[in-house]
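The structure under discussion appears below in the form of structure tokens.
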Amino acid sequence: MLQSKDVRSQLEDEKFMIRIARSSNEVIASYIVDEYIMELSIKMPVNFPLRQAEFNTLERIGTSEVADLKWAKLPVQTVVNSRNGNLEVALNLFKNNISLRFKGVEDCPICYSVVSLDDRSLPTKKCITCKNKFHASCLYKWFRSSNSTSCPLCRRLF
257 MLQSKDVRSQ LEDEKFMIRI ARSSNEVIAS YIVDEYIMEL SIKMPVNFPL RQAEFNTLER
317 IGTSEVADLK WAKLPVQTVV NSRNGNLEVA LNLFKNNISL RFKGVEDCPI CYSVVSLDDR
377 SLPTKKCITC KNKFHASCLY KWFRSSNSTS CPLCRRLF
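Residue numbers for the sequence shown follow the working numbering, beginning at 257 and rising by one.
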């Protein structure tokens with residue numbers, strides 16, 4: 257699907273590029289911010305979805321490995337391995353998460369993504385006490401699974 261010029265032209269721009277290595281079943285997405293390059297490698301196994309895809313961040317934008325796992329790699333991993341395996345959707349999420357993150361939008365502490373995996377919204381539901389913002393869909397799932405309406409981080413009533 258990513259080999260189609262239409263799909264790639266919709267995703268790629270002056271800051272975001274995609275390379276495909278057919279011999280190794282690998283897709284490398286690169287996002288350029290100032291002089292830094294953030295690259296995500298997605299290696300699809302031959303027997304996907306029986307075996308999960310492998311994800312590696314190849315270069316970092318002044319952040320620690322923990323932060324990379326949290327806001328860049330994990331949401332993309334979730335889309336590919338748990339949702340539908342659609343690389344176009346996953347790479348678009350990767351691109352949007354980085355773009356919005358560097359525009360000052362913080363990720364949701366529940367799903368670790370800037371853009372919601374469910375409804376593509378931004379975190380807007382703010383806790384009055386700890387001031388963290390959450391996606392409405394993430395909070396709804398949290399409230400249902402915890403049988404409580406407390407903040408997932410500070411545990412105060414929301």
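Positions of the beta carbon are idealized from the N, C-alpha and C atoms, including for glycine.
The alpha-carbon separation between residue 289 and residue 406 amounts to approximately 37 Å. Three or more beta-carbon pairs separated by less than 8 Å are not found between the segment 261-271 and the segment 298-312, which leaves the two stretches without contact. In the three-state reduction of the DSSP assignment, residue 275 falls in the strand class, which pools E and B. The Cβ-Cβ distance between residue 285 and residue 390 does not fall below 8 Å. Residue burial annotation: residue 363 is buried, with at least 16 other C-beta atoms found within 10 angstroms of its C-beta.
Each residue's CA atom was taken as its position, placing residue 386 and residue 279 some 48 Å apart. Taking the CA atoms as reference points, residue 396 sits about 23 Å from residue 356. Counting C-beta atoms within 10 angstroms of its own C-beta, residue 384 has fewer than 16 neighbours from the protein chains shown and is therefore classed as exposed. Taking each of 400, 402, 367 and 375 in turn and checking the Cα distance to residue 388, the smallest one comes out for 367. For residue 366, the secondary structure class from DSSP, reduced to helix, strand or coil, is coil. Taking all protein chains shown into account, residue 312 has fewer than 16 neighbouring C-beta atoms within 10 Å of its C-beta and is therefore exposed.
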